[in-house]
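What follows is a short report on a single structure.
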Amino acid sequence: MSSGSLSERAASVVARLVATLRRGRALHRDGLTVAATLVQERGPAPGLPALVEPGSYEVVARLSRGGSLPGPLPDVLGLALRLPGAGPSHGDVDLLLSTCVPGVPWLPGPRLDFTAGPYSSLAAYRHGSMPVRLFAYPEKHPEQDGGTGGVPARIGALRRALERGPLVFRLLAAPAGRRPVRVATLRVHTPLPGADVSFDPVLNGHPALRLTGWLARLRRGAYRGSRWGRGQTDEAVEPGRTTRAAG
Numbered sequence: 001m002s003s004g005s006l007s008e009r010a011a012s013v014v015a016r017l018v019a020t021l022r023r024g025r026a027l028h029r030d031g032l033t034v035a036a037t038l039v040q041e042r043g044p045a046p047g048l049p050a051l052v053e054p055g056s057y058e059v060v061a062r063l064s065r066g067g068s069l070p071g072p073l074p075d076v077l078g079l080a081l082r083l084p085g086a087g088p089s090h091g092d093v094d095l096l097l098s099t100c101v102p103g104v105p106w107l108p109g110p111r112l113d114f115t116a117g118p119y120s121s122l123a124a125y126r127h128g129s130m131p132v133r134l135f136a137y138p139e140k141h142p143e144q145d146g147g148t149g150g151v152p153a154r155i156g157a158l159r160r161a162l163e164r165g166p167l168v169f170r171l172l173a174a175p176a177g178r179r180p181v182r183v184a185t186l187r188v189h190t191p192l193p194g195a196d197v198s199f200d201p202v203l204n205g206h207p208a209l210r211l212t213g214w215l216a217r218l219r220r221g222a223y224r225g226s227r228w229g230r231g232q233t234d235e236a237v238e239p240g241r242t243t244r245a246a247g
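In terms of UniProt numbering, the sequence shown opens at residue 1 and continues consecutively.
Right, dumping it as structure tokens:
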């Protein structure tokens with residue numbers, strides 16, 4: 001058995017155990033599922049193959065705390081995004097980003113604030129012939145947190161912040177050896193009561209955007225173990241349909 005297979009299997013076993021003990025997600029258990037609007041100004045966007053036309057799209061997002069540590073402590077924060085499928089043969093596409101250490105995009109970094117980026121895909125994707133890493137940079141909002149523009153990394157604080165206005169993220173794709181390219185703007189605006197969407201970038205991927213490398217192997221194992229620990233099957237979501245925003 002190769003070292004890659006061993007690491008993937010180990011990640012699966014650990015994630016399954018944690019999910020079973022927690023009776024839920026192994027990671028990013030504490031979060032808020034929200035409606036969001038994704039505005040793409042060019043198409044097809046590098047790193048966003050599921051959206052082939054410029055425009056405004058209604059999507060589902062989730063902001064979360066990775067380790068579910070107590071509120072006063074910093075945590076690795078997550079931004080999950082479900083994109084509409086590119087066609088009848090493709091299901092929805094899930095993209096998962098986590099706060100990273102600035103300048104070290106593959107290393108998760110804890111934060112105290114949902115608007116303290118950057119967020120990174122951590123693992124690189126293979127897009128065509130080149131590796132591409134995705135980033136999200138939050139924009140400060142002067143109406144948030146008493147004028148500081150920040151949103152404390154607590155779910156209650158996030159709900160209150162969204163009552164005052166949307167959170168805005170700039171989405172960028174960074175091909176290896178090239179400058180990052182801004183591909184879209186994400187506006188997170190409305191909590192979805194009772195919604196508990198299970199995002200999974202392994203099952204809900206896109207053939208033109210494939211995870212690569214050792215982080216990809218760990219992610220495959222971790223998500224498989226988390227699914228099994230929650231009693232879920234290895235089936236992708238049903239094919240979705242692009243929903244353009246009104247206006």
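All C-beta atoms in this analysis are idealised placements derived from N, C-alpha and C, irrespective of residue type, glycine included.
What is the DSSP secondary structure of residue i, counted as helix, strand or coil?
| i | result |
| --- | --- |
| Leu172 | strand |
| Ala184 | strand |
| Glu58 | strand |
| Leu112 | coil |
| Ala124 | coil |
| Ser98 | strand |
| Leu162 | helix |
| Leu69 | coil |
| Ala157 | helix |
| Leu6 | helix |
| Arg217 | helix |
Could you name the residues of the same chain whose beta carbon sits closer than 6 angstroms to that of residue i, not counting the 5 residues immediately before and after it, in chain order?
| i | result |
| --- | --- |
| Ala174 | Arg133, Pro180 |
| Trp106 | Leu122 |
| Leu21 | Here Leu21 scores only 48 on pLDDT, less than 50, and its place in the model should not be relied on; the value that follows carries that caveat. Excluding residues within five positions, none has a Cβ falling inside 6 angstroms. |
| Phe135 | Pro118, Ser120, Leu172 |
| Gly78 | His28, Ser64, Gly66, Ser98 |
Given residue i, which residues of its chain have a CB within under 8 angstroms of its CB, disregarding the five upstream and five downstream residues?
| i | result |
| --- | --- |
| Cys100 | Trp106, Leu107, Pro108, Gly109, Pro118, Tyr119, Ser120, Leu122 |
| residue 267 | No information on residue 267 is available, as it lies outside the stretch 1 to 247 that the chain covers here. |
| Gly194 | none |
Quick test of your reading: residue i and residue j, contact by CB under 8 angstroms. State the CB separation rounded to the nearest angstrom.
| i | j | result |
| --- | --- | --- |
| Leu209 | Tyr137 | Going by Cβ atoms, the distance from Leu209 to Tyr137 rounds to 20 angstroms, so no, they are not a contact pair. |
| Ala36 | Val188 | 5 angstroms |
| Leu32 | Leu211 | About 25 angstroms separates the two Cβ atoms, so there is no contact after all. |
| Arg170 | Glu139 | 7 angstroms |
Going by the DSSP bridge assignment, what does residue i pair with across the sheet?
| i | result |
| --- | --- |
| Pro152 | Asp113 |
| Ala136 | Tyr119, Leu171 |
| Ala80 | Arg62, Leu96 |
Using C-beta distances below 7 angstroms, list every residue in its chain close to residue i, excluding the 5 sequence neighbours before and after it, in chain order.
| i | result |
| --- | --- |
| Phe199 | Arg62, Ala80, Arg82, Asp94, Leu96 |
| Asp30 | Ser64, Arg65, Ser68, Ile155 |
> Do the region 160-173 and the region 196-206 meet, that is, are 3 or more Cβ pairs less than 8 angstroms apart?
Replying inline: Taking a contact to require three or more Cβ pairs closer than 8 angstroms, the region 160-173 and the region 196-206 do not qualify as touching.
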